[in-house]
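Protein chains in written order, with the UniProt record's numbering: chain A, 1 to 605; chain B, 1 to 605.
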């Protein structure tokens, strides 16, 4: 099983050297306490918890899985104790308001914590992770009365929460939701329906579970415009906040899945369960999607988690396992063979993983600052601020979620590949990473949905290409600023070309879409992947620029660290970024390229 | 669970319309009986066996897995009965000589049978599949006496065989093999050592298992030049051919794997087990690798198996599941939503799967004809013929094995993606396909080893680029021949450019490798993938050309079938082939692009 070591050096590099988190936090209303020393202490403690408590439960959790009997779910051995430590440490409320028992730190700090937790044990992280979604929804949309009841135990981690969207007949297409909500005389509702794929929907970690449920009022219009949002607790809550009677929320099964086996994925039947409406009637979908961007970034993190975990495992193996001799001559002549890491093609795989882990991390740390402003718009009840920053973040969200999870899956597969046949054996833990990673491109909007969101919504509909123009403007400015630096010239010229090309491609697809509406779908995958590769290229060049600056000043205490950043950036530009070329060529093909084959001609017997 | 329907129409298209198997078989010494009617009957029967017997055991076999207790392996429910039917049908000896009880048909017919079996149930197919490797090795290298003992029961399927290469300390690097072989006075050897990852190494399907084992004689030189090859039966064989005493061949464990769970992967301990040398002393590795090309094509088939299986599952789901509306307008206005297949991006995934399944099948059918000639060189004891055709086949082997298994894995993942969250759930069987596919890029030489074999051995060392020149010459000729056909012009011009580029890239890499030897490793992955994409493009264009010809003649009874071939070829050229661009750009980077980062700089804590 790969041991986990939190990449604190890289995290500090991004926080303090690349993105200037100290200045960023100093400018936030809730950032005053997030000084560098405090952040360092928090991240150090989180790292310890992840390395010592969560990581050792990862393989055993996969092997044991969750148990289901008579409607009860038992989590794998050690999970309950680990969760208690998590609650004791106050980790759940790290980035939530102090008035509810949280620590009131900026949202981004919670994301950094989540990355470490998720790398150590993604299945475990799902339980408090879903709760964050529920907390955010309650915090923004529920009445003060409901908040007073539900926010403190959720923030403290004494209860967890879920998001109940999917039903057997629909996932993406929530307009098909059938769950019913019947108003009662006391202002509450009776909720009846079946929800599936409910992560953390049932478990033994806490005494109550708070479900956030999409359902329809009796007089609701059809489709997405007739969906409302409800709090439905598993156990009713007494006036004093204590847990009361069972609320007819029944877990009828848990799924048998490819991976994240220690995370319970429940089928939940609401049988005249009492619920409380939050947000306005029939406006449930919009309310549910308020925190969509942060939720999706929370899933984007999964990409770097699996890339990092698989990289750490593969790196250790590649240094240890000996096979054949390097083509350039024996590297370890006194050994029976050279370690795997001396072979160029093995380096390719390791560097690919490193590129995705560290490049993705930089993308997340960038977006996390936007998310801090967005979140503070909500906390400060400043709708204009919220919308301004949510829009800025919105362009990056599908790129991060769509691209980074695909790259995480690739990195996890590369990790298996470095192990050769041993990668296929469960005890080494490498195949688990690939199985766990496989969910990340499916839930919280599939990659296809992210692609459509990016091209159709964020680029064409909402901004008519402005989002691309603005970001490529930033890239082009960076390129111009660094053209004269010999260490950065190649990065700068390449980036300048891609920035221009990205704009041209966006224009071409926009023009095509006027006559061929379906191009928005047929080009979307290529547009997403192209955007991802170019975005990551920018953030690698940015890291290289900071490293180059440190080296130029001569006083760098760790030249090897900075040189490694530049070397990895070069690898990215040489061996990963060129993949964008194929996507550029394919995205301008007309949609009939995909649609000319009639449905009945897909197969002949 | 996806139902399996053998793609007989496509198989007949390739056999009778694209590659003219009737003429090919008529020219083979063992092809006289393989007339179109007989082939049709054989493939039809095989299809029935695969659809009705093997496919229904695929999901249950994965769920149950193999059982290990006290050195004995029990295969999943139904496997023993299915194997008996397999033996009864005479399927094992289909392509092996009649003198051993086989049916004496050409080798290629066995490959086509294997594709159907493997698509229906890859785990099951492993048992007779490994046996084929053992049979081929015995047939070519063992004495007449040993052949008389072992070939009939293996050919009839009453016994199975294995290939025992890997040991705990080495897989690829067989020079590290430690298993010992001590000569005995009676001419036999005592074999002692541990072999791991032995597929079909122990099971309950047959009364005996014949292991082909790599081991060292006491005076053997170190490394690969000191390895000999032995037959080591699990049970000794009496003079009358009946099974005698146990031969101290002990299965001490079976592996817990990511997939192919119904295929037992055994740890085998030889404890002074009696073995019989085949081939010459210290020449075991060469002998073992005689059938390497056919064995690797046998594994390349796995790529199309999983692409086909996943495509069939995803296609059925995409027609059935309804979500959202197509961007070009409602396609099924009377339904609650449009079926998934109406969305362009879903088409992209389905067409990608179809491209890989059918394009890969064409590549296999092409190579299978070369393999027929090569195999007949052995059967006819014609060394010159064997070497001539083995060399021709040798260039394509790593492309097929390396590229098609990677594409099979991608196709299997696309199948999950079409299912969305449901793809992650075991009961649908889609995630199993991805797990089963995952082994294919690891065993029988990892993708990295195939890449090195292609660029280092087959292209640079053995032919100094001639293999590429010859094949691209064939592609260029095709392009010229079809430039005037309006339906084919785009394919032809694109192919002509790639054929030229492939040559130029080969020359550039060759020149670079003179000064920078490690480039052979650092460029190998990109060279393999580039070669794969261009090769598949040629075989798609070839299929389109045949289809176009049929349509032009106006008398095609099934215009939809031929139009589908052309539409799918267009998709391939628009959306898959452009990926080669990135690989072309990356392969000419110097090896320092991967090697400049010192080993100790991969990670900083």
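Glycine included, every Cβ here is placed at the ideal spot set by N, Cα and C.
Since residue i and residue j are thought to touch, with beta carbons under 8 Å apart, how far apart are those beta carbons, to the nearest angstrom?
| i | j | result |
| --- | --- | --- |
| residue 201(A) | residue 251(A) | 6 Å |
| residue 261(A) | residue 601(B) | About 36 Å separates the two Cβ atoms, so there is no contact after all. |
| residue 359(A) | residue 536(A) | 4 Å |
| residue 345(B) | residue 451(A) | 7 Å |
| residue 278(B) | residue 96(B) | So it is not a contact: roughly 17 Å between Cβ atoms. |
| residue 525(B) | residue 348(A) | 6 Å |
| residue 126(A) | residue 34(A) | Actually they do not touch by this definition, with Cβ atoms about 26 Å apart. |
| residue 196(B) | residue 213(B) | At roughly 13 Å, the Cβ-Cβ gap does not stay under 8 Å, so residue 196(B) and residue 213(B) are not in contact. |
| residue 367(A) | residue 400(A) | 6 Å |
| residue 54(B) | residue 120(B) | 4 Å |
Could you spell out the range, first to last residue, of the beta strand (DSSP E) harbouring residue i?
| i | result |
| --- | --- |
| residue 161(B) | 160-164 |
| residue 341(B) | First-last for residue 341(B): undefined, no H or E at that position. |
| residue 72(A) | 72-74 |
| residue 69(B) | 67-69 |
Just the C-alpha distance for residue i and residue j, rounded to the nearest angstrom, thanks.
| i | j | result |
| --- | --- | --- |
| residue 7(A) | residue 237(A) | 42 Å |
| residue 494(B) | residue 38(A) | 60 Å |
| residue 417(B) | residue 267(A) | 21 Å |
| residue 645(A) | residue 491(B) | With chain A covering only 1 through 605, there is no way to say anything about residue 645(A). |
| residue 162(A) | residue 424(A) | 33 Å |
| residue 436(A) | residue 258(A) | 8 Å |
| residue 465(B) | residue 165(A) | 58 Å |
| residue 115(A) | residue 15(A) | 14 Å |
| residue 453(B) | residue 398(B) | 7 Å |
| residue 25(A) | residue 109(A) | 10 Å |
| residue 402(A) | residue 47(B) | 40 Å |
| residue 295(A) | residue 289(A) | 9 Å |
| residue 228(A) | residue 208(A) | 23 Å |
| residue 91(A) | residue 85(A) | 9 Å |
| residue 481(A) | residue 541(A) | 12 Å |
| residue 488(A) | residue 568(A) | 13 Å |
| residue 588(A) | residue 497(A) | 18 Å |
| residue 549(A) | residue 305(A) | 28 Å |
Please report the residue range of the alpha helix (DSSP H) in which residue i lies.
| i | result |
| --- | --- |
| residue 373(A) | 344-379 |
| residue 497(B) | 489-515 |
| residue 8(A) | 8-12 |
| residue 607(B) | Absent from the model: residue 607(B). The displayed extent of chain B is 1 to 605, so no value can be given. |
| residue 519(A) | 519-522 |
| residue 39(B) | 36-49 |
| residue 59(B) | 58-64 |
| residue 312(A) | 292-320 |
| residue 596(B) | Residue 596(B) -> no alpha helix (DSSP H), and no H or E assigned at all. |
| residue 2(A) | Careful: residue 2(A) lies outside any alpha helix (DSSP H) and carries neither H nor E. |
| residue 581(A) | 579-587 |
With hydrogens ignored, establish whether the beta-carbon of residue i is closer than 7 Å to any heavy atom of the ligand ADP.
| i | result |
| --- | --- |
| residue 500(A) | Because no ligand of any kind appears in the structure shown, any question about the ligand ADP cannot be addressed here. |
Check the Cβ of residue i against every Cβ in chain E and list those closer than 7 Å, keeping chain order.
| i | result |
| --- | --- |
| residue 520(B) | Absence of chain E from the displayed structure is noted, the protein chains being A and B. |
Task: Completely contained beta strand (DSSP E) runs for the region 398-467 of chain A, where each covers 3 or more residues - done: The beta strand (DSSP E) runs lying completely inside the region 398-467 of chain A and spanning 3 residues or more number zero.
TODO: Kindly provide the ranges of any alpha helix (DSSP H) runs that are 4 or more residues long and lie completely inside the region 83-166 of chain A, ordered along the chain.
DONE: The region 83-166 of chain A is shown to contain whole alpha helix (DSSP H) runs of 4 or more residues at 107-120, 122-141, 144-156, in chain order.
Open item on the list: List, from N- to C-terminal side, the beta strand (DSSP E) runs of 3 residues or more that fit wholly inside the UniProt domain "Acyl-CoA oxidase/dehydrogenase middle" (163-272) of chain A.
Closed with: Taken in chain order, the unbroken stretches of beta strand (DSSP E) that lie wholly in the UniProt domain "Acyl-CoA oxidase/dehydrogenase middle" (163-272) of chain A and span 3 residues or more are 180-183, 189-199, 209-215, 228-233, 235-237, 243-246, 249-254.
TODO: Check each residue of the region 566-578 of chain B: if its Cβ is closer than 7 Å to any Cβ of chain A, include it; give the result in chain order.
DONE: Taking 7 Å as the upper bound on Cβ-Cβ separation, chain A lies near residues 567, 568, 570, 571, 574, 575, 578 of the region 566-578 of chain B.
- [ ] Please list the residues of the region 424-441 of chain A that have a C-beta atom closer than 8 Å to any C-beta atom in chain B, keeping them in chain order.
- [x] Within the region 424-441 of chain A, the residues whose Cβ lies closer than 8 Å to some Cβ of chain B are 424, 425, 426, 427, 431, 434, 435, 438, 439, 441, listed in chain order.
TODO: Taking a Cβ distance cut-off of 9 Å, strictly less, list which residues of the region 343-370 of chain B are near chain A, in chain order.
DONE: Within the region 343-370 of chain B, those residues whose Cβ lies closer than 9 Å to any Cβ of chain A are, in chain order, 343, 344, 345, 346, 347, 348, 349, 350, 351, 354.
Task: Residues of the UniProt domain "Acyl-CoA oxidase/dehydrogenase middle" (163-272) of chain A whose Cβ lies closer than 9 Å to any Cβ of chain B, in chain order - done: Cβ contacts with chain B come from 166, 169, 170, 171, 172, 173, 175, 176, 196, 197, 255, 256, 257, 258, 259, 260, 265.
TODO: Taking only beta carbons into account, state which residues of the region 66-78 of chain B come closer than 7 Å to chain A, listed in chain order.
DONE: Contact annotation: in the region 66-78 of chain B, no residue has its CB less than 7 Å from a CB in chain A.
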